[in-house]
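Just below is one structure, and these are the notes that go with it.
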Amino acid sequence: MNSTEQVPVWEPRDTVNECTVSLAEMFPGKELFVFYHKGQRDSYTALTLYTLAGRFADRLRRHGFQRQDVIANTLPNSPERVITDLGIILAGCITMNLQHLLVDGSDLYHTARKSGCKCVIMSDNEQCPTWQLLKPYIAGDTDNFITSISIDHTPEMTSSIVVTRNRTGPKIPLLEDLTNSDEEVFVDKVSSSDLAVIFGTSGSTGYSKLVPRTHADTVNCLLMRDVVWYRKTYGQSVKITMYSDRLLGWIGGFSFYSTVAAITRVLKDSYTLDEFTASQDFWDAVTNEDCTFAIMAPLEVEKRISHITSSGGVFHKKLKYLIVIGQPMTKKIRIG
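Residue numbering for the sequence shown follows the working numbering, starting at 221 and increasing by one per position.
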């Protein structure tokens, strides 16, 4: 980008909903998410996210969900996860990450019951443990957008949205359905004090504790209002692109670095739950997208260092900096 080129200044608004609308209007072609899966690139611009998530929000409201209803999301990192999380918030509802770690599902039931969530979103992937746990409780037709679910442990959770990616029957894959739909784009006029998301603690010391966050929390605190997708540095415009496979349902990996701060995020598409962990794939994505920095857990960093050491290959891309989060750094990483 030429240093004399005039670029509109992006300033985050007061709510996630306002940010989403403004980004779509000011930078409709700005890529906010770039997913990689087995070498295939799949990108989503500000306008595409606004349109697809807004249509999903419209469906939620037409099916009776109201402002501040809690909707649990169990989808893995994927375009479907980004669209549904954002759609829930655009509808004025609250998205909540719902993890399932214990075999009997008691942790999932506890979180759902404590939050009073009305609906759960899940994949119909047979490899998905949450699908295996909850499938017996589904009472309706999963080909419908909303399916009834009845679980004694979670009496308020009476609805489910079953997401599919591959067309195996009459049910249309979610992203294809939203893309080809003529539904309205709905964006609720929420307040900055309204809740937007409920995070959970890791559950390492018992059941997860709920950590609610408002729109103001999300925009001002979690997402570093001063971080933007470009900035003028000594007269030069610097584009910021990050690589991060941190889980979208957790504070450290939530999607709003992109939908609020407008940073392009590159990550792997984990919807099918198959392995895509090769370090070469990581470097290919980082190089192709010219990533500025990466956010990784220590274990991931060790894998990258090991790959560099053992492969003997030449890596022409150098990250400006690396953010290591989640666990303490090991001696191997510090030396590397």
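Ideal Cβ positions, reconstructed from N, Cα and C, are used throughout, including at glycine. Here the structure is a predicted model, which means the values were calculated and not measured.
Run of the beta strand (DSSP E) containing residue i, from where it starts to where it stops
{"i": "residue 247", "result": "Counting along the chain, residue 247 falls outside any beta strand (DSSP E), and DSSP gives it neither H nor E."}
{"i": "residue 513", "result": "513-516"}
{"i": "residue 463", "result": "461-464"}
{"i": "residue 293", "result": "290-293"}
{"i": "residue 415", "result": "415-420"}
{"i": "residue 467", "result": "Looking at the DSSP string, residue 467 is not in any beta strand (DSSP E), and its letter there is neither H nor E."}
{"i": "residue 432", "result": "430-434"}
{"i": "residue 541", "result": "541-544"}
Same chain, Cβ closer than 7 Å to residue i, five either side skipped, listed in chain order
{"i": "residue 226", "result": "At residue 226, the pLDDT of 48 sits below 50, so the modelled position is not reliable and the matter cannot be decided from this model."}
{"i": "residue 262", "result": "255, 299 and 489"}
{"i": "residue 356", "result": "none"}
{"i": "residue 373", "result": "329 and 333"}
{"i": "residue 361", "result": "367"}
{"i": "residue 393", "result": "384, 385, 386 and 387"}
Residue environment, residue i, which counts as buried when at least 16 other CB atoms sit within 10 Å
{"i": "residue 446", "result": "Note that residue 446 has pLDDT 46, beneath the 50 cutoff, so the model's placement of it is unreliable and the number below is only indicative. Answer is exposed; the Cβ neighbour count stays below 16."}
{"i": "residue 459", "result": "exposed"}
{"i": "residue 400", "result": "exposed"}
{"i": "residue 425", "result": "exposed"}
{"i": "residue 324", "result": "exposed"}
{"i": "residue 519", "result": "exposed"}
{"i": "residue 542", "result": "exposed"}
{"i": "residue 386", "result": "exposed"}
{"i": "residue 558", "result": "Beyond the ends of the chain as shown, which are 221 and 556, falls residue 558; an answer cannot be given."}
{"i": "residue 338", "result": "buried"}
{"i": "residue 320", "result": "buried"}
{"i": "residue 231", "result": "exposed"}
{"i": "residue 530", "result": "exposed"}
{"i": "residue 388", "result": "exposed"}
{"i": "residue 284", "result": "exposed"}
{"i": "residue 259", "result": "exposed"}
Cβ-Cβ distance between residue i and residue j below 7 Å
{"i": "residue 275", "j": "residue 396", "result": "no"}
{"i": "residue 292", "j": "residue 252", "result": "no"}
{"i": "residue 290", "j": "residue 335", "result": "yes"}
{"i": "residue 410", "j": "residue 237", "result": "yes"}
{"i": "residue 479", "j": "residue 271", "result": "no"}
{"i": "residue 501", "j": "residue 487", "result": "no"}
{"i": "residue 358", "j": "residue 350", "result": "no"}
{"i": "residue 377", "j": "residue 340", "result": "yes"}
{"i": "residue 477", "j": "residue 483", "result": "yes"}
{"i": "residue 265", "j": "residue 250", "result": "yes"}
{"i": "residue 462", "j": "residue 485", "result": "yes"}
{"i": "residue 521", "j": "residue 506", "result": "no"}
{"i": "residue 327", "j": "residue 427", "result": "yes"}
{"i": "residue 248", "j": "residue 269", "result": "no"}
Residue range of the alpha helix (DSSP H) that includes residue i
{"i": "residue 303", "result": "299-310"}
{"i": "residue 272", "result": "266-282"}
Sequence-distant residues of the same chain with beta carbon closer than 6 Å to residue i, five excluded per side
{"i": "residue 539", "result": "513 and 514"}
{"i": "residue 391", "result": "363 and 384"}
{"i": "residue 280", "result": "311"}
{"i": "residue 469", "result": "317"}
{"i": "residue 273", "result": "303, 306, 307 and 310"}
{"i": "residue 277", "result": "307, 310, 311 and 406"}
{"i": "residue 429", "result": "421"}
{"i": "residue 347", "result": "493"}
{"i": "residue 371", "result": "357"}
{"i": "residue 294", "result": "318, 342 and 350"}
{"i": "residue 467", "result": "473"}
{"i": "residue 633", "result": "Limits of the chain in this structure are 221 at one end and 556 at the other, which puts residue 633 out of reach."}
Residue i CB to nearest heavy atom of the ligand FAD below 6 Å
{"i": "residue 483", "result": "In the structure on display, the ligand FAD does not appear, and there are no ligands present to speak of."}
Cβ shell of residue i (< 8 Å), same chain only, five flanking positions each side left out
{"i": "residue 434", "result": "412, 413, 414, 415 and 416"}
{"i": "residue 286", "result": "312 and 313"}
{"i": "residue 418", "result": "290, 314, 315, 316, 317, 335, 430, 431, 432 and 433"}
{"i": "residue 508", "result": "261"}
{"i": "residue 546", "result": "466, 472, 517 and 518"}
{"i": "residue 353", "result": "320, 325 and 328"}
Residue-level contact to chain C via CB, residue i, 7 Å cutoff
{"i": "residue 339", "result": "Absent from the structure: chain C. Only one protein chain is present."}
Length-filtered (3 minimum) beta strand (DSSP E) runs lying within the region 367-399: 379-383
Those runs of the alpha helix (DSSP H) which lie wholly inside the region 311-364 and span at least 4 residues: 326-335 and 349-354
Segments assigned alpha helix (DSSP H), at least 4 residues, entirely inside the region 471-506: 476-479
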